[in-house]
Amino acid sequence: MKRLHVHVAVEDLQRSIGFYSALFAAQPVAIKSDYAKWMLDDPRVNFAISTRGRQPGLDHPGIQVENKDELNEVYARLHKAGGTVMAQGQTSCCYAKSEKSWLDDPAGIAWETFLTTGASTDYGDGTSERDARVAHAKACCVPQAAPAAAASPCCTT
Amino acid sequence: MKRLHMHVRVDDLEKAVRFYSDLFEARPCCGGTTYANWRVDDPPLNLAASTGHGPAGVAHFGLEVDSPADLQPVDRALPSPIRSAAAVPWEVSVRRQPVRKEHTP
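Taken in sequence, the protein lines are chains A and B. With numbering that gives the first Met the number 0 applied, the first sequence closes on residue 156, and no number is skipped along the way. With numbering that gives the first Met the number 0 applied, the second sequence closes on residue 104, and no number is skipped along the way.
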């Protein structure tokens with residue numbers, strides 16, 4: 000069964016952890032110096048916050064799948080929906096290793112579709128993320144006050 | 000079961016309806032000429048799109064709960080003004096039967 004994903008860029012991680020822990024009545028399953036994640040079953044959501052965005056607000060929503068069959072099913076939907084599907088393939092981002100693709104919706108919101116295959120010890124080295132995201136002028140995972148070219152490799156290169 | 004809600008402002012509702020219907024492989028349950036609403040089960044999501052009240056982008060997120068009793072702990076911990084003032088505004092509401100309507104204030 001698929002799970003909605005939401006990644007929100009925040010300025011104050013600790014304060015935001017308090018806010019979302021109260022909202023969801025649950026503690027994060029992962030807390031890093033720049034990132035926190037709730038893996039909720041009710042509502043069924045993978046909710047993440049980080050201080051990696053350029054400005055506070057929604058960084059991106061997404062659809063997390065559980066297996067390769069679901070991934071292929073949603074990939075087919077992306078192509079049916081139209082637009083330019085940015086196939087990123089295997090990547091590390093947000094302390095996880097995943098296979099993912101991106102597609103902008105009509106409101107200009109970049110939707111991520113991904114299958115997580117393992118954990119990563121650092122924020123990530125998404126070598127193709129810059130093409131996938133910065134080409135769309137989005138803020139995903141680009142550290143604040145850092146130009147994309149010099150940013151942490153996650154989600155920017 | 001609670002359900003996440005996401006309300007997106009769009010410029011072209013017909014285009015948005017085609018896109019989200021393809022993305023979630025589901026037709027809107029209700030809506031009108033300026034508003035559409037999807038009740039998606041996999042992944043669980045209450046998605047809304049509307050025109051005419053601001054630039055394209057996310058208007059707000061929401062947490063849809065089953066009963067008024069489920070609202071109380073959230074209201075105690077995070078009163079509505081605090082949720083509305085967040086970088087990403089959040090509303091918390093009790094699940095309603097889908098209704099046909101033209102616009103969400």
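Don't be surprised by glycine CBs; every beta carbon is placed ideally from N, CA and C. This structure is a prediction, so every number in the text was calculated from the model and none was measured.
- Your pair LYS96(A) and THR116(A) checks out as a contact, with CB atoms roughly 5 Å apart and the cut at 8 Å.
- Taking all protein chains shown into account, LYS79(A) has fewer than 16 neighbouring C-beta atoms within 10 Å of its C-beta and is therefore exposed.
- Using a C-beta cut-off of 8 Å, the segment 26-40 of chain B makes no contact with the segment 71-83 of chain B, since fewer than three inter-stretch Cβ pairs fall below that distance.
- Note that the C-beta distance between LEU102(A) and THR90(A) is not below 9 Å.
- Along the segment 40-64 of chain A, the positions whose C-beta sits under 7 Å from a C-beta of chain B are ASP41, PRO42, ARG43, VAL44, PRO55, GLY56, LEU57, PRO60, ILE62, read in chain order.
- Residue environment: ASP104(A) is assigned as buried (16 or more neighbouring CB atoms within 10 Å of its CB, all protein chains considered).
- Here the segment 21-33 of chain A makes no contact with the segment 68-83 of chain A; the two share fewer than three CB pairs at distances below 8 Å.
- Every alpha helix (DSSP H) stretch that sits fully inside the segment 20-82 of chain B and reaches 4 residues is listed by chain position as 67-76.
- For TRP89(B), the chain A residues whose C-beta falls within less than 7 Å of its own C-beta are LEU22, listed in chain order.
- Distance from the CA of ALA68(B) to the CA of VAL93(B), rounded to the nearest whole angstrom, comes to 9 Å.
- Annotation for ALA35(A): no alpha helix (DSSP H) segment contains it, though the beta strand (DSSP E) segment containing it runs 34-40.
- By alpha-carbon distance to GLN63(A), the top candidate from VAL7(A), TYR74(A), ALA8(A) is TYR74(A).
- In this structure ALA106(A) is in contact with GLY56(B), their Cβ atoms being roughly 6 Å apart against a cut-off of 8 Å.
- For a Cβ distance threshold of 8 Å, residue set ALA86 of chain B lies close to VAL9(A), ordered along the chain.
- At a Cβ-Cβ threshold of 9 Å, HIS6(B) and GLY61(B) count as neighbours.
- Between ILE108(A) and PRO60(A) a beta carbon distance of about 7 Å is seen, short of the 8 Å cut, so the two are scored as contacting.
- Apart from sequence neighbours up to five positions away, the residues of its chain that approach LEU70(A) with a beta-carbon distance below 6 Å are VAL64, LEU114, ordered along the chain.
- Contact of TRP110(A) with chain B by beta-carbon distance below 9 Å involves LEU22.
- With respect to chain B, the C-beta atom of GLY88(A) has no partner C-beta closer than 9 Å.
- Per DSSP, reduced to three states, the secondary structure at ALA8(A) is strand.
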